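**Student:** Pasting a structure below so you can have a look.
In the UniProt record's numbering, the protein residues as written are 1 to 209.
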């Protein structure tokens, strides 16, 4: 199924209204280059920890260690795709990981994922997140770069219903619906981005067909 021009425009508009940055790429290589360039331009994230000057246990001391390089997490990719991204990342001196994200408590700069569906009416991404590493890549990274094949873009949630139900047949199941960057206003009603997830969401619409 190929997304129509109107569906693409609707998705771009709706996603933009919830602070997502939407761009179009013709190839996955362009998506990898976009991701590495974005990582190159951002400041390296660090875990803010207090009490590091105290006499700590070995395990606690590790939390105070500073990162020596920027980190891109890209779990769930095919081997050939991962290798292509790794080559670009290593060329910039970045560390690319696809598993064991729990060990990287000092911060992940960018989480990179390829989404399963997109819903235009709300600018929503749908991602099969049965893997814990995929969930962490979309939640603990400072920036989430999500590639959405245009062939997976649907006009409404009703149009995506059959495919969503098919995903739900797999057990265990964890299907994530992501709309915009993380945001909360809490009790004070002051909007804050990045409190419960990434500060930024970049969506790359991939012309896969």
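Beta carbons: idealized from backbone N, C-alpha and C, even for Gly. All values derive from a computational prediction rather than experimental measurement.
Specify the secondary structure class of residue 102 as computed by DSSP and reduced to three states.
**Tutor:** helix
**Student:** If we call anything under 8 Å between Cβ atoms a contact, is residue 144 one with residue 38?
**Tutor:** no
**Student:** Evaluate residue 192 with the Cβ neighbour count: other Cβ atoms within 10 Å of its Cβ, from every protein chain shown; 16 or more gives buried, anything less gives exposed.
**Tutor:** Counting Cβ neighbours within 10 Å, residue 192 comes out exposed, since fewer than 16 surround it.
**Student:** How would you call residue 154, buried or exposed, if buried means at least 16 neighbouring beta carbons within 10 angstroms?
**Tutor:** buried
**Student:** Under the three-state reduction of DSSP, which class applies to residue 121: helix, strand or coil?
**Tutor:** coil
**Student:** Evaluate residue 200 with the Cβ neighbour count: other Cβ atoms within 10 Å of its Cβ, from every protein chain shown; 16 or more gives buried, anything less gives exposed.
**Tutor:** By the Cβ-count criterion, residue 200 is buried, with 16 or more other Cβ atoms from all chains shown falling within 10 Å of its own Cβ.
**Student:** Three or more beta-carbon pairs under 8 Å between the region 160-167 and the region 96-115, yes or no?
**Tutor:** No contact exists between the region 160-167 and the region 96-115.
**Student:** Name the DSSP beta bridge partners of residue 85, please?
**Tutor:** Looking at the DSSP assignment, residue 85 forms no beta bridge with any residue, so it has no partner.
**Student:** In angstroms, rounded to a whole number, what distance separates the CA positions of residue 6 and residue 146?
**Tutor:** 21 Å
**Student:** I'd like the span of the beta strand (DSSP E) that includes residue 145, first residue to last.
**Tutor:** 141-149
**Student:** In terms of residue numbering, what span does the beta strand (DSSP E) encompassing residue 23 cover?
**Tutor:** 20-25
**Student:** Comparing alpha-carbon positions, which option in 188, 139, 44, 121 lies nearest residue 93?
**Tutor:** 44
**Student:** Check for me: the beta strand (DSSP E) holding residue 200 runs from which residue to which?
**Tutor:** 200-206
**Student:** Report the rounded CA-to-CA distance for residue 128 versus residue 53, giving the unit in angstroms.
**Tutor:** 42 Å
**Student:** Determine the closest residue to residue 173 out of 35, 26, 134, 141, with distance taken between C-alpha atoms.
**Tutor:** 134
**Student:** Do residue 179 and residue 138 come within 8 Å of each other at the CB atom, strictly closer than that value?
**Tutor:** no
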